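K.L.:
2 protein chains.
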Amino acid sequence: MEKNLKINPACDERCPVRASLSLLSGKWTLMILFQINENTVRYGELKRAVTGISEKMLIQELNMLVENKLVSKKAYHEIPPKVEYRLTELGLKTLPIVDQLAQFGLENLV
Amino acid sequence: MEKNLKINPACDERCPVRASLSLLSGKWTLMILFQINENTVRYGELKRAVTGISEKMLIQELNMLVENKLVSKKAYHEIPPKVEYRLTELGLKTLPIVDQLAQFGLENLV
DNA sequence: AATAATTATAACCTTTTGGTAAGTACTATA
DNA sequence: TATAGTACTTACCAAAAGGTTATAATTATT
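Chains A and B, in that order, are what the protein sequence lines are.
Residue 1 is where the first sequence starts when you use the UniProt record's numbering, and the numbers rise one by one after that.
Residue 1 is where the second sequence starts when you use the UniProt record's numbering, and the numbers rise one by one after that.
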């Protein structure tokens, strides 16, 4: 009988943790998802909410998230511009991850 | 009445998500925690399990994790060397995060 | 003697990531 | 006429992260 009753499969290309991280790693990604959360948020609101992020990174990340179907974008064709972001069905499914990150931070770090 | 019933505080230095990420972001960190999981794992086992990681990154991450008290290290003074790693109490508390990452990957990506 | 096994360490280099600063477009307002 | 507000874009640069290769130490095995 082995010591390790619960044996993890190796962490290769098919590893689900690796797959998730390839999408969600990055300095700002999960913080942006956390801020959008279940709300409808404008670009400018996000910029203020995610303290310290540069405009370049913010739209770069938003574009990436839209491309990967985690976030949907709605542009009103007005002047001045108005663009709203929200989580898609798929994006909402990342919230449990974000919640666990928040809980861990709250209970052990902050 | 506002549209957003659930208002998130801004994501500044005190943001718990940010705090967690400052510890756990990085290409390999969460995968290593995932592999160690509830087991006692030797360095060489980890190297094989976390496919593609370089030795440099593996010990660098392990040292970081030990320093931050997420992982404990037990060295047997034998030849050839034998070193075992396991999660501390604090480290075990990251497993819900890892589990959510795994679940998201499993259900939506892999 | 030489090789294998194990857990590292160090020097060097490349790639990735992120930051800075400036500019665009259009209108309302002062 | 100048400024402010909004959502971007681009070019350039700096820093962080990660990869490669070589090396160490010690013993058992071949």
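Every residue, glycine too, gets a C-beta built ideally from N, C-alpha and C.
On a predicted model such as this, the values are computed, not experimentally measured, just so you know.
#1: Can a CB atom of chain B be found closer than 9 Å to the CB of A:SER54?
#2: With distance defined between alpha-carbon atoms, name the residue in B:ASN68, B:LYS69, B:ARG86 nearest to B:ALA75.
#3: So, with DSSP's three-state summary, where would you put B:ARG18?
#4: On the criterion of 16 or more Cβ atoms from any shown chain inside 10 Å, does A:GLN100 qualify as buried, or is it exposed?
#5: In angstroms with no decimal places, state the Cα-to-Cα distance between A:GLY91 and A:LYS69.
#6: Given a limit of 9 Å on CB to CB distance, which residues of the stretch 88-101 of chain A reach chain B?
#7: Just how far apart, CA to CA, sit B:ILE97 and A:VAL50?
#8: Check the C-beta distance from A:LEU46 over to A:LEU58 and give it rounded, since I have them as a contact under 8 Å.
#9: Quick check on the burial criterion: 16 or more other C-beta atoms within 10 angstroms. Buried or exposed for A:ALA10?
#10: Kindly list the residues whose CB is nearer than 6 Å to the CB of A:ILE53, restricted to its own chain and excluding five residues on each side of it in sequence; keep chain order.
#11: In whole angstroms, give me the CA-to-CA distance for A:LYS82 and A:ARG48.
P.N.:
In terms of the structure at hand:
#1: Sequence index remark: in the first sequence, residue 54 of chain A carries index 54 (1-based). So, not an interface residue.
#2: By one-based count along the second sequence, residue 75 of chain B stands at place 75. It is B:ARG86.
#3: Along the second sequence, one-based indexing puts residue 18 of chain B at 18. The answer is helix: DSSP assigns B:ARG18 an H, G or I state.
#4: Along the first sequence, one-based indexing puts residue 100 of chain A at 100. So A:GLN100 counts as buried.
#5: The residue you call residue 91 of chain A lines up with position 91 of the first sequence. The residue you call residue 69 of chain A lines up with position 69 of the first sequence. Their Cα atoms are separated by approximately 7 Å.
#6: LEU90, LYS93, THR94, PRO96, ILE97, VAL98, ASP99, GLN100, LEU101
#7: Residue mapping note: residue 97 of chain B aligns to position 97 of the second sequence, counting from 1. Residue mapping note: residue 50 of chain A aligns to position 50 of the first sequence, counting from 1. The alpha-carbon atoms of B:ILE97 and A:VAL50 are separated by roughly 21 Å.
#8: Reading the first sequence from its first residue, position 46 is the one you call residue 46 of chain A. Reading the first sequence from its first residue, position 58 is the one you call residue 58 of chain A. Right, the Cβ-Cβ distance comes to about 6 Å (below 8 Å), so this counts as a contact.
#9: In the first sequence, counting from the first residue as 1, residue 10 of chain A sits at position 10. Label assigned to A:ALA10: exposed.
#10: Residue numbering aside, residue 53 of chain A sits at position 53 when the first sequence is read from its first letter. Once the five neighbours on either side are set aside, the close Cβ partners of A:ILE53 are TRP28.
#11: The residue you call residue 82 of chain A lines up with position 82 of the first sequence. The residue you call residue 48 of chain A lines up with position 48 of the first sequence. Roughly 15 Å between the two C-alpha positions.
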